[in-house]
Each structure stands twice: as C-alpha cells, then as structure tokens.
C-alpha cells in the first residue's frame, strides 16, 4: 500500500471506528494495520529496493488495539467474537417475538389461538409457535429482559454447545409441556427462559469450574425467585410450562457435563530427587545431613573414577559431535 494513501484512509477508519461501535472489531483490525504501517526507510525511487522488484523491504503489519499502543491478543479477539455471537443470536430471537407481537396487534390477526394445546394432536404445532406468542406488552417485556440475560450467558460461556442445547431445550420443553399439561392454551417464552436458568445453574454446579460456578451464583441471585412460579399458585400462569423447561434444562446440564468448557488442569514440574545441593548452601550448613550425604556421594564417585583409571577399565564416554 503506497504510503501517500495511508493517512487519508487512516482518518476515515478512525471516524468509522468512533461512530459505529457494532463493527468495532473489524474496523479496529484495519485501524491497527494502518497504524502499524511505517514508510520505507529507503528512497522511493531506489530501483534496488522498490516493491516491484522482489519486495525486499516489505512493511510488516501487526494488530494494535484502537486508540492504544497495546496489541490485540487472540484472547481479546475471541472474547469479542463470543460477545458478537451471543448478541446476534439473542437479538435475532427477540426481534422475531417482537415482530410477531407487533404484527398480531396492528393487523388483529388473532395468532394467540395457535399456542400450545396439550394432549391434542393438532396442538403439536404449538411446540414451534407458543414461544413466539405473548398475552400483552408486560408479558413480552418481562420475557425479553430475562431471555436477553440468560441466553447471552449461554452463548458466551458455553459457545461450543450453546446452539445444540438451545435447540434441544426449545423442542423438548414444548414436547414435555404438551404431555404434562392438562388443558388450556399456553403461550409465551417463559418455558424456554426457565430451561436456560436451570441449565446455567445446574451446569455450573456439577462442572467444578470456578467461572461457571460464578455464573450459577449470578443466575441464582437474579432469578432465584422464579422457582415459586413452577407451582400452581396462579390460574393465569402456565406453571406446567415453567416446570417443563426447568426439567429439560437440568437434564441437558447433566447430559452435556462432559462437553463444552471444562475446568483447566495444571501440570507442575517436579524437582529431580537427586538434584545436587548448591555450593553456597553446603558451605553455610557443613554439618547438615544432606550436606554430609552429598559429600559422601562425591567421594564415592571420585574413588570409582580413580579405580577405573588405575585398573585400566575403559570408560564409555559419549562420542563427540564436533
């Protein structure tokens, strides 16, 4: 890239990086490339060092963090990718349920009748429809806030298995609700939310991972009170849906306990048992048993080598590599 175009392009990327936070990672990479660029030290017209005759002095690029001089490490990029991945999937589902609610209210389509109808064959289609239907704006808003937090936790901390867990939770919680509930028309994403909360809590407890255990404690602190809504205390609340989601969430946490993030294992190097004592320590502790034992070993080794040299016993030294 000719150095005469670097500075104008750098200003454009800086404006993009300041105004568009969502693409901060990608513009930050490009900004790092431009900031790390250094013009060639030789004259541009030097025929022996020109870029089109072998690229001898090709500039070296590296990533730097925007507005700082610290490099972007692989862990930083991975964390940003996790956040982006979690936000994309979470916002996609929230956009779907809000879009369904808006269309149903504005056009008066009457979609709420297509919820979950337990133990009816035509109600099986409710497995795929009932999480997208909500009774009123308050119902939708409460589920939105809970789903945003819990689903973000799932896709950030359990990225490798998050999609599988989510799909199985979506299908199995609806199927269990269809067989567990008695009657009525069940709507809302509450069953999915209870499943997410149960999975995050139980998975962090049984995995013996400190980070995931913190997530479990956070879920218990934020949503510990929802356990009461798994009991039939209100006729207008689908406690069967809550209970179904929680059961499936616990089952999936046990099923996937060997997959996904695990507690890191550490290996420590062991000091050799026959390591010689330092000379300064032996001089400071001449009467110590370890000092006397090492001196005895040294005397035995010296006597053995002296015996071999006097009797003519050949010694097998490793061949020289020179």
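Residue numbers (our numbering): 13 to 334. Think of the CB as a built atom: it goes at the ideal place given N, C-alpha and C, for glycine as much as any other residue.
When the beta-carbon positions are compared, residue 202 and residue 213 stay at least 7 Å from each other. Residue 258 is a Cβ neighbour of residue 210, given a cutoff of 7 Å. The DSSP-derived three-state label of residue 129 is coil.
Note on residue 315: under 16 other CB atoms within 10 angstroms of its CB, so exposed under the neighbour-count rule. Looking at the DSSP output, residue 146 bridges to nothing.
Put simply, the backbone Cα of residue 216 is about 8 Å away from that of residue 226. Within the region 251 to 276, the alpha helix (DSSP H) runs of at least 4 residues that lie entirely inside it are, in chain order, 251 to 267. Taking one beta carbon from each stretch, the region 124 to 144 and the region 89 to 99 have fewer than 3 pairs nearer than 8 Å; the two do not touch. The region 142 to 151 and the region 113 to 132 touch, with three or more beta-carbon pairs separated by less than 8 Å. With 16 or more other CB atoms across the displayed protein chains lying within 10 angstroms of its CB, residue 250 is buried.
Assigned with DSSP and collapsed to three states, residue 151 falls in helix.
Following the DSSP letters along the chain, one finds residue 190 inside the alpha helix (DSSP H) bounded by residues 171 to 192. For residue 292, the uninterrupted alpha helix (DSSP H) segment begins and ends at 291 to 296. With distances taken between CA atoms, residue 157 lies nearest to 205 out of 177, 205, 122, 195. Using a Cβ-Cβ distance cut-off of 8 Å, the region 155 to 174 and the region 127 to 137 are not in contact, since fewer than three pairs of beta carbons, one from each stretch, lie closer than that value.
CA-CA distance, residue 293 to residue 313, rounds to 21 Å.
Within 10 angstroms of the beta-carbon of residue 233 lie fewer than 16 other beta-carbons, which makes it exposed. Counting every other CB atom within 10 Å of its CB across the protein chains shown gives residue 174 a total of 16 or more, marking it as buried. In the same chain as residue 187, and ignoring 5 residues on each side of it, the C-beta atoms closer than 7 Å to its own belong to 139, in chain order. Distance from the CA of residue 177 to the CA of residue 264, rounded to the nearest whole angstrom, comes to 7 Å. Taking each of 135, 310, 133 in turn and checking the Cα distance to residue 291, the smallest one comes out for 310. Residue 133 holds the alpha-carbon nearest to the alpha-carbon of residue 191 among 181, 133, 207, 243. Under DSSP, the beta-bridge partners assigned to residue 198 are 128. In this chain, the alpha helix (DSSP H) harbouring residue 230 covers 222 to 235.
Annotated as proximal: residue 207 and residue 185, with beta-carbon spacing under 7 Å.
Non-local C-beta neighbours of residue 155 in its own chain, meaning closer than 8 Å and more than five positions away in sequence, comprise 109, 146, 200, 201, 202, 205, ordered along the chain.
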